[in-house]
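These notes concern the structure reproduced below.
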Amino acid sequence: MLSTTPPVTARHYTLTCPSCGLQTPDDGLVLECPQPHAPALLRTQYTTRTFSPRAEEDGVFRYRDLLPVSRVPRQGGRTVVYRSQGLGGLLGLRNLWIAFNGYWPERGAFLETATFKELEAHTVLARLPGRPMVLTVPSSGNTGAAFAWACSRQQVPCLVIVPRAAYGRFKFREPLHRCVTLAVIDDGDYPDAISFASKVSRSFPFQLEGGVKNVGRRDGLGTVLLSAFEEMRRLPDYYVQAVGSGTGAIAVHEAAGRLRELTGETTVPRLLLCQNEPFTPIYDSWRHRERTPAKNWPEAECRAAIRQVFADELTNWAPPFSVQGGLFDVLTESHGDVLTVDNGAARAALGTFRDLEGIDIEPAAGVALAGLRAAVRQGRIRPDSMVLLNVTGGGRGRRTQQGANVQAGIHVHLSKQSLGSTAAMDQVTEQCLRSL
Ligand SMILES: [Zn+2]
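According to the working numbering, numbering within the sequence shown proceeds without interruption in unit steps and concludes at 470.
See the structure below:
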């Protein structure tokens with residue numbers, strides 16, 4: 035089933051629970067600590083004592099000693115990190131570095147689906163045990179596209195469940211392999227996809243990917259910082275990213291902790307996370323500096339706010355804020371902060387980036403750039419600070435121009451009303467069993 039090449043050392047890491055201290059080998063699937071306590075994110079603990087990227091690998095598996103993988107497929111690009119002249123000059127930052135996730139051949143960036151979700155997809159697949167299952171991934175768009183593409187290339191059966199609004203992102207340079215099943219909820223939202231995926235995954239052969247709980251996903255995203263460390267030769271003072279769930283930010287903070295241990299760095303980057311007004315649940319929670327959010331957004335208010343944001347991929351309704359090891363903890367430990375930007379500033383940032391750096395970026399990256407600009411204007415960042423700006427969704431326009439425009443077919447149409455029915459489950463199961 036899995037197209038694999040050399041196995042890596044099976045015991046180069048263990049999983050640990052930050053709540054009860056449990057230490058356990060990884061079966062490639064586990065998402066939660068089995069002990070009865072409040073939710074906590076399992077973490078990986080690696081045996082390597084040095085930071086030694088594999089020079090022979092170009093992609094994300096260059097960092098295989100710091101990835102929870104049991105095999106190393108010949109797949110996967112990685113983040114390209116470079117020092118900005120144009121934007122750095124505009125913002126008055128002498129040490130602005132761009133972590134570019136996307137497609138930009140002149141810079142050596144070759145992420146096929148043009149977002150950093152591809153880093154997590156390749157790592158999650160390489161963590162899976164090699165037995166028959168259908169990996170089940172609910173998504174608002176970019177994550178689903180990254181998994182669909184990676185699973186197609188590696189012929190790993192998967193079920194991707196998305197709301198109709200996300201379907202436009204499923205364009206690739208060739209048709210997807212039949213092992214990928216795309217289910218679209220015609221009148222639903224991202225939370226509907228999450229809820230249906232959870233229901234489907236209670237029975238064989240479905241295996242829930244797990245989102246932020248999956249150590250493969252987080253450590254794959256953490257390679258953004260590993261690539262940055264290789265180029266910058268130190269950790270940045272500030273790490274700036276737009277957030278929906280915030281999984282990437284948690285991952286970068288965890289990677290910073292590992293690099294600090296392995297390289298003797300003394301501090302970890304301050305996380306500056308950016309949200310798109312008016313949908314700002316992480317900002318609202320962090321403003322009160324309490325683990326338990328002061329306000330739960332009512333569903334109607336969520337839907338109304340989501341309809342107004344420019345960067346719709348940043349609209350996670352239930353970000354992992356309170357869970358141990360989640361956003362509250364990483365913001366506290368890194369002395370970080372959360373900023374908000376409006377649609378006008380985010381939209382303007384797309385043009386600024388294209389003009390000064392020379393490539394198109396997507397709305398989420400526009401939110402991050404607008405947030406950085408606001409932070410500089412407010413005097414929060416000194417001109418000589420080392421700043422790393424995470425840009426995801428880079429060069430998608432370029433990629434489409436160059437032929438990545440084959441729209442994937444929809445295998446199963448679902449309606450919101452049908453999601454609780456046996457017929458919907460049967461329809462999805464029947465389609466997926468054909469792919470095993
Ligand atoms: Zn535990």
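Backbone N, C-alpha and C fix where the C-beta goes; we use that ideal spot for every residue, glycine too.
Since we're looking at a predicted model, the values are computed, not measured.
Shown here for Asn248: same chain residues with a beta carbon closer than 7 Å to its own, the five before and five after excluded, namely Leu65, Val158 in chain order. The set of residues with any CB-heavy atom separation to ligand 1 below 5 Å comprises, in chain order, Cys51, Ser53, Cys54, Leu56, Cys67, Gln69. Using a Cβ-Cβ distance cut-off of 8 Å, the stretch 248 to 258 and the stretch 148 to 157 are in contact, since at least three pairs of beta carbons, one from each stretch, lie closer than that value. Here Asp418 is exposed: its Cβ has fewer than 16 other Cβ atoms, across all protein chains shown, within 10 Å. DSSP places Asn377 in the helix class (H, G or I) of the three-state scheme.
Shown here, Lys205 sits in a strand according to DSSP, grouped into three states.
In the three-state reduction of the DSSP assignment, Thr170 falls in the strand class. Secondary-structure assignment with DSSP links Gln358 through a beta bridge to Ala74. Membership of Ala442 in any alpha helix (DSSP H) is not indicated, and neither H nor E is assigned to it by DSSP.
For Gln275, the enclosing beta strand (DSSP E) stretches over residues 272 to 276. Beta bridge pairing from DSSP links Phe238 with no other residue. CA-to-CA, the gap between Arg323 and Ala438 works out to about 44 Å. Under the three-state reduction of DSSP, Leu162 is assigned to coil, being neither helix nor strand.
Below 8 Å, enough C-beta pairs join the stretch 118 to 135 and the stretch 422 to 434 to call them touching: three or more. Take Leu193, set aside five residues on each side of it, and the residues of its chain with a beta-carbon closer than 6 Å to its own are Val168, Thr170, Thr215, Cys466, in chain order. For Thr426, no alpha helix (DSSP H) segment is defined; the enclosing uninterrupted segment is the beta strand (DSSP E) at 420 to 428. Check the Cα spacing between His156 and each of Thr463, Gln461, Leu101: the tightest is with Leu101.
When only Cα atoms are considered, Gly431 and Cys54 end up about 47 Å apart. Around Cys67, the same chain offers Cys51, Ser53, Cys54, Leu56, Ala74, Leu76 as residues with beta carbons nearer than 7 Å, after the five sequence neighbours per side are excluded. The beta carbons of Trp331 and Pro315 sit closer together than 8 Å.
Remark: three or more beta-carbon pairs, one from each stretch, lie closer than 8 Å, so the stretch 294 to 313 and the stretch 363 to 376 are flagged as touching. Rounded to the nearest whole angstrom, the C-alpha separation of Pro87 and Arg98 is 8 Å. For Thr300, same chain residues with a beta-carbon under 8 Å away, outside a window of 5 residues either side, are Arg294 in chain order. Straight-line measurement puts the Cα of Leu348 at about 18 Å from the Cα of Phe362. The continuous stretches of alpha helix (DSSP H) do not include Phe313, and DSSP gives it neither H nor E.
Val462 is a Cβ neighbour of Ala217, given a cutoff of 8 Å. Rounded to whole angstroms, the Cβ separation of Glu391 and Ser173 is 28 Å, and the two are not in contact under 8 Å.
Ranking Ser469, Ser279, Tyr272, Val343 by CA distance to the CA of Ala409 puts Tyr272 first.
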